[in-house]
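Heads up, the thing below is written out as structure tokens.
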Amino acid sequence: MRKTLSRAVLGATVLGLAAMAAPGSAAAGPAPSERQVTDLVPAPVQAIADPAASFRLTPFTVIHAGRGAGDVATYLRGLLRPATGYPLPVVPVNPGRSTISLDLGHADPRVGSEGYQLDVTKSGVRLRANTSAGLFEGVQSLRQLLPSAIDAKTVQHRTWTIAGGSVLDYPRFGHRGAMLDVARHFFTPAQVKTYIDQIVQYKINTLHLHLSDDQGWRIEIKSWPRLATEGGKTAAYGDPGGYYTQAEYQEIVAYAASRHITVVPEIDMPGHTNAAQATYAELNCDGVAVPPRTDIEVGYSSLCIGSPITYRFVEDVIRELAAITPGKYIGIGGDEAHSTSAEDYRAFYEKVSPLVAKYGKLITGWHEIAKTPLPTSAVPQYWDQGGPNADVAAAAARGNKFIMSPANRAYLDMKYTAETPLGQSWAGLVEVRDAYDWDPATFVPGVGEQSVAGVEAPLWTETIRTNDNIEYMAFPRLPGIAEIGWSPQEARNWDGYRERLAKQAPRWVVQGIDFYRSPQVDWRG
Ligand code: IFG
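Sequential numbering from 89 applies to the sequence shown in the working numbering.
Below, the structure written as structure tokens:
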């Protein structure tokens, strides 16, 4: 123990002397006003700023990892080292000075399984949580108390102060998601990882991958090999296709898990199935493969509800997907089945829904599945635009919780304004305030706080091809959805949020996030 400590401290000392001599390192001062614990996004449950208590990171600072906190401590180190150039060794014993201490298991019980306590004083930083996930979310807050330059990939010779104060925080809802449609356009594992690293900053904990649709099939299914090799060739507008081997999918899942994000895979059905039916003739009622489609119409496809092979196909897909998905949920689609009769739709899900439990998973899917018999453990995803829905209210009354993703509030592919070059507008124009100023617990009659699992921001990719495109549509609206999922409703109001959001812009600039500079916000950078 002593040897490790002394080597680490020695290392810090040597590098520290060098860094201290670095040109241009101004004297430390209290954190500038734009960076206080009261500026955090999402807004915390409790935050008391103490600017005079700012902590200055130095080349001698160490990161103390209490038992079980090593992974998050190493992640934090990885975040801080590129821009500071400091050693920031992770040490098992708290040296009691110039330390960022991560403490697992000694937090106030109120913080639950994802919350944390963060205390920043002149002498050190203490982050406490009851789980690694809580420590991880606390690190996301800690990042925002440092200058935006902290996200630079090269050493910045400057002082590094962490704004002083204390935070006690925990989420309102457990499900705080982003959906990426990788079917209309394919995104490589590297592109998905980039998005993962952008959304974790705002305490998103779920990534829903829309893996199949009319225009393409994106996941290898070993028992139906041509689904990916052929069904993966196409994409919207005839753009290049692609697919994840099961190994690549598992790589995405593992990367997400290292950022405390759970992947929810979705196979859309009984509609949105043209790619599968163009690949396997036997999936069509007449035994003839349909032509591939790369236009962006919806509602024209349907699996063959009366054919037994359809259910072997669906079972094989669910079985293989469940085997490579550690998360509890599998998405079984259900939207826009305009070419499936109501009777057939019900008959389809009466056969399919039990298959999810058979392979040890829980059901999610678009809210239309609430018309069919579901276990109360199923979590349908609401995507309509508000107003009464008898099937949804009845399911809520039976005990189902809903993921709230109203298209006219949470759909990131909706244009901001008529001038937005990307996206669609069938659910209306969704500016930054529209995406923020709503309450998921009052949006649909009969779906109250206890019936809301959380929120999710879908990004459909008919018109989205690059990470730049993703960033332009997701920022600044995704942080707003994340705040709706995390912060107390009473802590949320547009006038306060737009001020805090404005202060996030310098971070996005440093991170190279190509965000939409909405005129609704007085951007700070
Ligand atoms: N609705 C379709 C999506 C996508 C979307 C684009 C759902 C659940 C329109 N279904 O939203 O496939 O095309 O905004």
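Note that beta-carbon positions come from the ideal geometry of N, C-alpha and C, so glycine has one too.
Heavy atom of ligand 1 less than 8 Å from the Cβ of residue i, yes or no?
i	result
residue 423	yes
residue 457	no
residue 305	no
residue 499	yes
residue 386	yes
residue 509	no
residue 550	yes
residue 272	yes
residue 596	no
residue 356	yes
residue 360	yes
residue 338	no
residue 301	yes
residue 495	yes
residue 269	yes
residue 492	no
residue 562	no
residue 471	yes
Residues in the same chain with beta-carbon distance under 8 Å from residue i, minus the five sequence neighbours each way, listed in chain order, please.
i	result
residue 170	240, 241, 242 and 243
residue 115	Any answer about residue 115 is weak, because its pLDDT of 44 lies below 50 and its placement is not dependable; what the coordinates show is given next. Around residue 115: 247.
residue 103	Only weak support is given to the placement of residue 103: the predicted model assigns it a pLDDT of 46, under 50, and the value that follows is read from those uncertain coordinates. Answer for residue 103: 147, 173, 174 and 175, listed in chain order.
residue 512	501, 502, 503, 548, 550 and 551
residue 348	220, 221, 224, 225, 288 and 293
residue 481	532, 533, 534 and 535
residue 185	211 and 212
Which residue comes first and which comes last in the beta strand (DSSP E) that contains residue i?
i	result
residue 542	540 to 547
residue 561	Not the beta strand (DSSP E): residue 561 falls in the alpha helix (DSSP H), residues 555 to 562.
residue 294	294 to 298
residue 254	253 to 257
residue 454	450 to 454
residue 188	187 to 192
Taking residue i as the reference, give the member of the options with the closest Cα.
i	options	result
residue 282	571, 227, 481 and 343	343
residue 332	183, 350, 298 and 357	298
residue 338	360, 356, 307 and 546	307
residue 270	256, 261 and 301	301
residue 552	540, 272, 476 and 422	272
residue 131	188, 138, 228 and 164	228
residue 324	318, 381, 577 and 265	381
residue 486	264, 536 and 359	536
residue 345	374, 295, 515 and 418	295
residue 578	481, 260 and 153	260
residue 374	385, 503, 397 and 352	397
residue 493	507, 209, 416 and 540	540
residue 129	608, 426, 471 and 575	575
residue 372	362, 363, 361 and 392	392
residue 356	347, 402, 609 and 183	402
residue 234	191, 412, 143 and 477	143
residue 150	189, 519 and 209	189
residue 410	354, 584, 453 and 559	354
residue 522	529, 509 and 505	505
residue 139	168, 231, 249 and 158	249
residue 161	133, 191 and 304	191
residue 608	167, 601 and 587	587
On the DSSP letters alone, give me the boundaries of the alpha helix (DSSP H) that residue i sits inside.
i	result
residue 587	582 to 590
residue 225	220 to 232
residue 596	593 to 599
residue 443	430 to 446
residue 146	Per DSSP, residue 146 belongs to no alpha helix (DSSP H) and is neither H nor E.
residue 573	565 to 574
residue 466	Unbroken run through residue 466: none, as it is neither H nor E.
residue 266	It is not in any alpha helix (DSSP H) - residue 266 instead sits in the beta strand (DSSP E) that spans 263 to 269.
If I measure Cβ to Cβ from residue i and keep anything under 6 Å in the same chain, skipping five residues before and after, which residues do I get?
i	result
residue 377	366 and 369
residue 545	266, 498, 500, 566 and 569
residue 236	594, 595 and 598
residue 137	124, 125, 126 and 253
residue 200	258
residue 341	351
residue 465	450
residue 428	358 and 390
Give every residue of the same chain whose Cβ lies closer than 7 Å to the Cβ of residue i, excluding the five residues on either side of it in the sequence, and list them in chain order.
i	result
residue 526	497
residue 476	533
residue 515	473, 495, 496, 499 and 502
residue 262	541 and 542
residue 404	309, 311 and 312
residue 612	122, 590, 591, 593 and 594
residue 196	205 and 256
Answer with yes or no whether the minimum CB distance from residue i to chain C is below 9 Å.
i	result
residue 426	Of the protein chains in the structure, only one exists, and it is not chain C.
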